Amino acid sequence: MDVPAVPLLFPGQSAPESAARRRFRALARSAPWLSTSLQFQVQVPGEYAKPEDGLEGTLTAIIRQREAIAVRSADGQLVYQQEKFTADRSRGYVAATNSSWKLPASLTSPVYTSDQLILRRPDISGFNGLLPLEHWESMLDPVELAGTEPASHDLAFDHPTYIHELAEITHDGRPALAAVLTAGHTYQPTLASAPLVPEGARTLLVLDLATGVCLNRRVLAAPSGMPPAPELSLQVLAHNEYYIDSLFTAPAPTLTDVRAPIPWELRSERRS
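Take the sequence shown: its letters are residues 23 to 294, numbered as in my numbering.
What follows is the structure, encoded as structure tokens:
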């Protein structure tokens, strides 16, 4: 499929050098190791919204690693809450899922670059149903843009994506790396129905330098006949803050004060 030609998005920038491309790909692999918690605001596209669950419009979420999340609507109402730190760890759990033997990022030893980004990352535990909207996974961990390790030197071009333009920018007040990408032959999206880089499209991706998450995805040009892909945006409000367990769990039921009189409805009163 031919990629449509478009004007340069960063005309003042020279063609991305090899070192700059390696840095962008290392940043795309690094999100799980760059923060222990995130607070972010996201605008849910209509195509991915779940109005029946309150998951639409502007949402604010706090997430602690890959074990707990709480999501609130624009008016502050809690619309989603999920945690895994109290999950069952019985023999049935070990036999039922591979997440029982995959470790969180904090307990693994990836290969780092000289600027402490990830050159090669091991297989780590995923979100495993933690997130309320599936497409958030690729936004919070955009490893699909780079793969888990650099491409082999024996192949002509084995990178998942082609980097056409690359620039350091400021996005919503945060330092970021912006790249114009197209999908390569080995590109494997995290969510097949919602790839960050649609096939045949020239796409802008903005990655946060501090956390590695995807701040913005916008399709610049797409082949004729391709269904439009919505713009995805995420704003980081805070990272590496401490969140207590009770933020992610339902409040425990309160005890009844048995010293207070409990009204009992009698049958005669009910008839009247």
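Each residue gets a CB set at the ideal place from its N, CA and C atoms; glycine is no exception.
In this text, all values refer to a predicted model and were calculated from it rather than measured experimentally.
Legend entry - Top-ranked residue by Cα proximity to arginine 51, from Arg240, Leu231 and Asp97: Leu231
Inset, instruction - Would you kindly check if the distance between the Cβ of glutamine 103 and the Cβ of isoleucine 91 is under 9 Å? - result: yes
Legend entry - Chain-order list of residues whose beta-carbon lies under 8 Å from that of histidine 157 (same chain, five-residue window excluded): Tyr70, Leu213, Ala216 and Leu254
Legend entry - Residue of Asp163, Phe149, Ala200 and Arg143 minimising C-alpha distance to proline 38: Ala200
Legend entry - Outcome for glycine 234 when other beta-carbon atoms lying within 10 angstroms are tallied against a minimum of 16: buried
Inset, instruction - Keeping to the same chain, check which residues put their C-beta closer than 8 Å to that of threonine 204; ignore five residues upstream and five downstream. - result: Val25, Thr183, Tyr184, His186, Val219, Gly222, Ala223, Arg224 and Thr225
Legend entry - CA-to-CA distance, threonine 108 to methionine 23, given in whole angstroms: Bear in mind that the predicted position of methionine 23 carries a pLDDT of just 45, short of 50, making it too unreliable to give a figure here.
Legend entry - Proximal residues to leucine 125 (C-beta, below 7 Å), its chain only, five neighbours per side dropped: Ile146 and Ser147
Legend entry - Residue range of the unbroken alpha helix (DSSP H) whose run includes leucine 162: 158–162
Legend entry - Min CB distance isoleucine 266 to chain B below 9 Å: The structure shown contains no chain B; it holds only a single protein chain.
Legend entry - For leucine 167, three-class secondary structure by DSSP: Under the three-state reduction of DSSP, leucine 167 is assigned to helix.
Legend entry - Distance between arginine 44 and aspartate 75 (C-alpha atoms, nearest Å): 40 Å
Inset, instruction - State buried or exposed for valine 64, treating a residue as buried only when at least 16 other CB atoms are found within 10 Å of its CB. - result: Looking at its Cβ environment, which holds 16 or more other Cβ atoms inside 10 Å, valine 64 is buried.
Inset, instruction - Determine the extent of the beta strand (DSSP E) in which leucine 8 is found, giving its start and end residues. - result: Missing from the structure shown is residue 8; the chain here goes from 23 to 294 and no further.
Inset, instruction - Please name the residue, chosen from Ala127, Gln35, Ser131 and Gly68, that lies closest to alanine 53 on a Cα-to-Cα basis. - result: Ala127
Inset, instruction - Would you tell me roughly how many angstroms separate the C-alpha atoms of serine 268 and glutamine 87, rounded to the nearest one? - result: 15 Å
Inset, instruction - Could you please give the first and the last residue of the uninterrupted beta strand (DSSP E) stretch that includes arginine 224? - result: 224–230
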